[in-house]
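K.L.:
Just so we're aligned, residue 912 is where the sequence shown starts under the working numbering, counting upward by one. Just so you know, even glycine gets a beta-carbon here, dropped at the ideal spot from N, CA and C. From a predicted model like this one, the values you see are computed outputs, not experimental measurements.
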Amino acid sequence: MDATKDFITMSLRVRIRDHIHTIDDICGEDPDEDLRNDLQNRLKHYSEAIDILNAYREDWSV
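(1) Whole angstroms are fine: how far does the CA of ILE927 sit from the CA of LYS916?
(2) Measuring alpha carbon to alpha carbon, tell me which residue in GLU940, PRO942 and ARG947 is nearest SER922.
(3) Relative to the C-alpha of THR920, which candidate in ALA966, ASN965 and HIS956 has its C-alpha closest?
(4) Between SER958 and the rest of its own chain, which residues show a CB-CB distance below 8 Å, the 5 nearest in sequence each way excluded?
(5) Pull up the distance between the alpha-carbon of ASN952 and that of TYR967, whole angstroms please.
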């Protein structure tokens, strides 16, 4: 699960870095804004789910 979280995080960072080359790109229109927002929301949900699963696993480990 940690590998999945790391993969999603890295994919998001690479995608954003590949699309932002200058300050004008940051201030200008973002053609991938919806996709970026969706990926950020997914990352948040996946991170929360992983935290819940880790807490559950710790509660049940002997």
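P.N.:
For this structure:
(1) Working through the sequence shown from its first residue, we reach residue 916 at position 5. Working through the sequence shown from its first residue, we reach residue 927 at position 16. Their backbone Cα atoms lie some 17 Å apart in a straight line.
(2) Here residue 922 refers to the residue found at position 11 when the sequence shown is read from its first residue. Checked all of GLU940, PRO942 and ARG947; the closest Cα to SER922 is ARG947.
(3) Counted from its first residue, the sequence shown places residue 920 at position 9. Here the closest residue by C-alpha is HIS956.
(4) Residue 958 sits at position 47 when you count from the first residue of the sequence shown. Same-chain partners within the cutoff: LYS916.
(5) Start at 1 with the first residue of the sequence shown, and residue 952 comes out as number 41. Start at 1 with the first residue of the sequence shown, and residue 967 comes out as number 56. Roughly 23 Å between the two C-alpha positions.
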